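When the letters of the sequence shown are read in order and numbered with the working numbering, they come out as residues 31 to 566.
Cβ atoms here follow ideal geometry from the backbone N, Cα and C, with glycine treated the same way.
Bear in mind that the values here come from a model prediction, so they are computed numbers and not experimental data.
Structure first, commentary second.
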Amino acid sequence: TWIGLPVVYLLLTKNNVSKKVIGNKAKIQKVKDQRWVYFFIQKPLISMLAAIVLIVSIILILPRLETGFLPAMDEGSIVLDYNSPPGTSLEETDRMLREAEKIIIKIPDIETYSRRTGTQMGFFITEPNRGDYLIQLNKNRSRTTEEVINELRQKIQASQPALTIDFGQVITDMLGDLMSSVQPVEIKIFGSDQQILQQLSKQVADILTNIKGTADVFDGIVIAGPSINIKPNSAALAQYGLSPASFQAQFQTALEGNIGGEIFEKDQLSPIRIIYPESRKFGISDIDQMPMFLPGGRIIPITQLATVSIKAGEAEIERENLQSMGVVTARLDNRDLGSVIKDIQVNVGAKIHLPAGYHIQYGGAYAEQQQSFKELLIILITSSLLVFGVILFLFKDFRIAFLILCVAVLGISGSYIALFLTSTPLNVGSYTGLVMIVGIIGENAIFTYLQFKESVLTKSVDEAIIFSISTRLRPKLMTALGAIIALLPLALGIGAGAQLHQPLAISVIGGFLIALPLLLIVLPTGIRFIHHSPKT
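Here is the structure:
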């Protein structure tokens, strides 16, 4: 716009300009004075009331404004993570999931689905009771993704109550994997005693279940599958002349196998594993009757040498910065992140009494949101100060610089009002729009004052104000209308991926709508107040 546009204009109008210069008949277009500007600058109370109303609107709307982290999108795809009870075999997990699949295929909005069991993204091996579904919805469906998720959740929980399920969307799920937490709501309870942490986690999970707007609440207690505990009898081993090392080697060979040597094939050495036949199918009764070889060649069952028992599964221990913690998570259900976290903080603070040495920390998308908002606030303040510094450098007048800064910052009230009226959360996208609006309004205000400063040399203050506003009226309207029309499809959510930029578009459109009265009424009134004495 600084170099390319003037060059293109000169190239396209070169002949016309030459003829006008030769004929010395350059036509000057007169600007029509907008007399309504005089009405407003003569009544500064109107501008003061307008500015006060905008300030009050910011104060009233900001605490009531919905907040989030990233813009919500209807991706048309669902990720369903599931867990069957710890220790469940692959066959039993598969049976339960086949029953769940009968529910999935009956929903007309679902186009295709795929399932992974015993593996995860990247095909890393996991427990046989874990996995996920990737469900693709029809493009011409009549319901939103959230509505389909709610139906799936209700029907699968009613059909297979033993399954622990968790729903999400593909992009959201991947972004969660890249961040510190997969879930939007994450409550970390730090302490030293694992039993107390589990009790507190269950209490917090019960509170979250009763909070409006939460779904897929999980207390974070992951029980490992049952284990087999084999305790050798030292006296019996000594009686039969069997060393503990020999006992362990025989037992390991029976269940896991031992490396007995190597074989050279295909230009590489491959290990040879010695293992009992059918050892993969051993049950508890088979282990009780497992034969053990004595030094003299006799064979006796393992129960004469050791005690075999089944130990119940224990909860996994999670740590952060070497400190034990319990993590309670949940997803959002048709409610904004800020309101849900606020209700959680109130209820947890009132109902949970932490012992000494224990504390709660809120993570997940809320922690990411707070960090992003803090950084964006620094950017907003920095940009405002830079605008102030540029104006002060240009005009060498502190009052004018402060006036333009106030007008630019007041423009964000339009963004807040637009977000509030459309029930759009204040998130990273809409916050970016606030930063943009401050710069755009500041730029237009600078151009207006430059026009006034040039005109006031030959006109009175009032006439110079009217002339500068009249001259800049058409560019302001063209800029505002052009931006609004260009952003309107995004604001209405028209087109693929439009929901990602919808908060930004709504924020900018609201700022432009308020920018017009600020630049056409409030700014000239402020200029007149500063230059109250007419030019003589």
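Practice task
Compute the Euclidean distance between the alpha carbons of residue 433 and residue 551, then round it to the nearest angstrom.
Solution key: Their backbone Cα atoms lie some 13 angstroms apart in a straight line.
Exercise for the section: Under 6 angstroms Cβ to Cβ from residue 96, same chain only, skipping five residues before and after it: list those, please. Expected result: Sequence-distant Cβ neighbours of residue 96 in its own chain, meaning closer than 6 angstroms and more than five residues away, are 366, 455.
Problem - Validate contact between the segment 84 to 101 and the segment 440 to 451 using beta carbons, cut 8 angstroms, 3 pairs - result: Look at the beta carbons and you see the segment 84 to 101 touching the segment 440 to 451: at least three pairs across the two are nearer than 8 angstroms.
Practice task
Along the alpha helix (DSSP H) that carries residue 496, what are the first and last residues, could you check?
Solution key: Where residue 496 is concerned, the enclosing alpha helix (DSSP H) stretches over 491 to 521.
Handout entry: Delimiting residues of the beta strand (DSSP E) encompassing residue 246
Key = Segment 244 to 248, the beta strand (DSSP E) holding residue 246.
Exercise for the section: Leaving aside the five residues before and after residue 171 along the sequence, list all residues of the same chain whose C-beta is less than 6 angstroms from its C-beta, in chain order. Expected result: The residues are 139.
Practice task
Can you tell me which of the three DSSP states residue 460 falls into?
Solution key: Correct three-state label for residue 460: helix.
Practice task
Tell me residue 355's beta-bridge partners as DSSP assigns them.
Solution key: According to DSSP, which records beta bridges pairwise, residue 355 is partnered with 220, 348.
Problem - Cβ pair residue 204, residue 529 closer than 7 angstroms - result: With respect to residue 529, residue 204 sits apart: the two C-beta atoms are not nearer than 7 angstroms.
Exercise for the section: If I'm right that residue 548 touches residue 506 with Cβ under 8 angstroms, what's the distance once you round it to whole angstroms? Expected result: At roughly 10 angstroms, the Cβ-Cβ gap does not stay under 8 angstroms, so residue 548 and residue 506 are not in contact.
Problem - Span separating the alpha-carbon of residue 134 from that of residue 182 - result: Whole-angstrom Cα-Cα distance: 7 angstroms.
Practice task
Measure how close the beta-carbons of residue 18 and residue 120 come, nearest whole angstrom, since I'm counting them as under 8 angstroms.
Solution key: Only positions 31 to 566 of the chain appear in the structure, and residue 18 is not among them; the question remains open.
Practice task
Please classify residue 390: does DSSP put it in a helix, a strand, or coil?
Solution key: Three-state result, residue 390: strand.
Problem - Sub-7 angstroms separation of residue 339 and residue 259 beta-carbons - result: Against a cut-off of 7 angstroms, the Cβ pair of residue 259 and residue 339 comes out as a contact.
Handout entry: Residue nearest to residue 544 in terms of C-alpha spacing, selected from 467, 556, 535, 478
Key = Its Cα nearest to that of residue 544, the residue 467 stands out among 467, 556, 535, 478.
Handout entry: Contact under 7 angstroms by Cβ, residue 360 with residue 215
Key = In this structure, residue 215 lies closer than 7 angstroms to residue 360 by Cβ.
Exercise for the section: Leaving aside the five residues before and after residue 395 along the sequence, list all residues of the same chain whose C-beta is less than 7 angstroms from its C-beta, in chain order. Expected result: Cβ within range, chain order: 99, 214, 367.
Exercise for the section: Report yes if the C-beta distance between residue 195 and residue 306 is below 7 angstroms; otherwise report no. Expected result: Pairing residue 195 with residue 306 gives a Cβ-Cβ distance that is not under 7 angstroms.
Exercise for the section: Might you give, ordered along the chain, the residues of its own chain that have their beta carbon closer than 8 angstroms to the beta carbon of residue 303, omitting 5 neighbours on each side? Expected result: If we look at residue 303 and ignore the five residues flanking it on each side, its Cβ neighbours are 287, 288, 289, 290.
Exercise for the section: Compute the beta-carbon to beta-carbon distance between residue 147 and residue 124, rounded to the nearest angstrom, for a pair I have assumed lies under 8 angstroms. Expected result: Here residue 147 really is in contact with residue 124; their C-beta atoms are around 6 angstroms apart, less than 8 angstroms.
Handout entry: residue 101 beta carbon less than 7 angstroms from that of residue 351
Key = The Cβ atoms of residue 351 and residue 101 lie no closer than 7 angstroms to each other.
Handout entry: Close-in-space but distant-in-sequence residues of the same chain around residue 300 (CB under 7 angstroms, 5 per side omitted)
Key = Contacts found: 292, 293.
Handout entry: Segment contact flag, the segment 406 to 414 with the segment 242 to 253, C-beta cutoff 8 angstroms, min 3 pairs
Key = Inter-segment contact for the segment 406 to 414 and the segment 242 to 253 is absent: fewer than three beta-carbon pairs are separated by less than 8 angstroms.
Problem - Cβ-Cβ distance between residue 337 and residue 261 below 7 angstroms - result: Yes; because the gap between Cβ atoms is below 7 angstroms, this pair is in contact.
Handout entry: Span of the alpha helix (DSSP H), counted from its first residue to its last, around residue 89
Key = Run containing residue 89: 74 to 94, per the alpha helix (DSSP H) assignment.
Exercise for the section: Using the DSSP secondary-structure output, state which residues sit across from residue 261 in a beta bridge. Expected result: Under DSSP, residue 261 forms a beta bridge with 337.
Exercise for the section: Quickly, what does DSSP pair residue 455 with across the bridge? List them, please. Expected result: Bridge partners of residue 455: none, in fact.
Exercise for the section: Could you check what DSSP says for residue 126 in three-state terms: helix, strand or coil? Expected result: Residue 126 carries a helical assignment under DSSP once its states are collapsed to helix, strand and coil.
Handout entry: residue 176, enclosing alpha helix (DSSP H) - first and last residue
Key = Residue range 175 to 189 is occupied by the alpha helix (DSSP H) that includes residue 176.
Practice task
Look at the Cβ atom of residue 29, then the Cβ atom of residue 117, and state whether they are nearer than 7 angstroms.
Solution key: Nothing can be reported for residue 29: it is not among the residues displayed for the chain, which extend from 31 to 566.
Exercise for the section: Take every Cβ of the segment 422 to 429, pair it with every Cβ of the segment 494 to 509, and state whether three or more of those distances are shorter than 8 angstroms. Expected result: In this structure the segment 422 to 429 does not touch the segment 494 to 509; the number of beta carbon pairs closer than 8 angstroms is below three.
Handout entry: For residue 292, the residue or residues it bridges with in DSSP
Key = DSSP lists 301 as the bridge partner or partners of residue 292.
Practice task
Starting from the Cα of residue 178, find the closest Cα among 191, 193, 192, 199 and give me that residue.
Solution key: Out of 191, 193, 192, 199, 199 has the C-alpha closest to the C-alpha of residue 178.
Practice task
Below 6 angstroms CB to CB, which residues in the same chain sit around residue 391 once its five sequence neighbours on both sides are set aside?
Solution key: Answer for residue 391: 218, listed in chain order.
Exercise for the section: Determine the closest residue to residue 461 out of 341, 532, 494, with distance taken between C-alpha atoms. Expected result: When each option's Cα is compared against that of residue 461, the closest is 532.
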